[in-house]
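Undergrad: Each residue of the sequence shown is one higher than the one before, counting from 0 in numbering that gives the first Met the number 0. Don't be surprised by glycine CBs; every beta carbon is placed ideally from N, CA and C.
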Amino acid sequence: MKLIKLLLVSKQGGLKGIIEKEEDITVIGATETERELRSLDVTAAVMPDVILFDVRSSWTHGQEMMVMLKEKHPSIPIVIRAAYPENHYLIEAISHGAAGYVLQDGGMEQVVAAIRQCANGQIVYPATVKSFLMKKLQQEGVGQGNAALEKAIEKLGSFSKREYELLILLTEGQTNQQISKKLYLSIGTVKNYISRLYKKMNVSNRPELMALLYKFQNRT
């Protein structure tokens with residue numbers, strides 16, 4: 000069993016004890032304030048696999064802390080636990096680099112599951128906002144020569160011509176059947192391509208892919 004090293008940023012004192020009841024998660028550091036976070040010395044030997052950021056008092060303060068976390072630990076996935084179900088908060092969290100976003104009313108089971116998933120390179124967002132992200136990307140013209148999308152794809156890595164075509168068609172909302180006809184491929188071949196593409200991008204479905212592209216589309 001792989002042990003997940005977690006850095007906890009929270010003002011809720013009991014959260015550390017609750018999380019450490021899980022056999023595969025250990026809290027290697029816990030901070031409450033911006034000053035503590037800045038002074039926290041995380042060495043390479045105990046670098047966290049995931050950062051859990053408990054944002055429930057002030058979203059503005061949470062954004063500032065989020066920026067600091069990404070500057071301090073740019074490659075470490077951050078899971079945000081928030082009290083804000085509105086879509087625009089999720090969008091802001093993605094734009095600041097959040098890999099996971101869970102709501103406090105979902106309980107600790109969802110938080111722990113998100114920690115494990117993000118530690119494995121997945122992206123975790125509520126189902127309701129995943130559909131919202133897909134619609135938002137489509138409304139903004141993704142798949143229609145959107146320069147921002149093209150740059151986002153470039154930032155995500157090197158893709159073959161076929162993979163690039165698939166990414167564009169997926170963001171347009173094309174079904175597997177439509178992609179099959181457009182690219183003159185069998186349904187089975189399309190599914191295999193998409194499966195490999197998801198694996199390459201560390202996502203498990205189309206909404207997660209859309210969220211990932213949205214995040215990179217809005218990075219400078």
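With burial defined as no fewer than 16 other Cβ atoms inside 10 Å of the residue's Cβ, what is the status of I3: buried or exposed?
TA: By the neighbour-count criterion, in which 16 or more other beta carbons inside 10 Å mark a residue as buried, I3 falls on the buried side.
Undergrad: Measure the CB-CB distance between N204 and I186 and report whether it falls below 7 Å.
TA: Using a Cβ distance threshold of 7 Å, N204 and I186 do not count as a contacting pair.
Undergrad: Here's a check: name, in chain order, each residue in its chain whose Cβ is nearer than 8 Å to the Cβ of E21, leaving out the five neighbours to either side.
TA: Hits under 8 Å: V111.
Undergrad: Would you mind listing the beta strand (DSSP E) stretches within the stretch 38-126 that are 3+ residues and don't spill past its ends, in chain order?
TA: 49-54, 77-81 and 99-102
Undergrad: Pull the bridge partners of L5 from the DSSP assignment, please.
TA: V26 and V49
Undergrad: Please work out which residues of its chain come closer than 6 Å, Cβ to Cβ, to H222, disregarding the five sequence neighbours upstream and downstream, and give them in chain order.
TA: Any answer about residue 222 is impossible in this case: the structure gives the chain only from 0 up to 219.
Undergrad: Is DSSP giving L212 helix, strand or coil here?
TA: helix
Undergrad: In angstroms with no decimal places, state the Cα-to-Cα distance between Y163 and K10.
TA: 43 Å
Undergrad: Can you say whether M46 is buried or exposed, counting buried as having 16 or more other CB atoms within 10 angstroms of its CB?
TA: It is exposed - the Cβ of M46 has fewer than 16 other Cβ atoms within 10 Å.
Undergrad: Would V8 and F52 qualify as a contact pair, given that the criterion is a beta-carbon distance under 7 Å?
TA: yes
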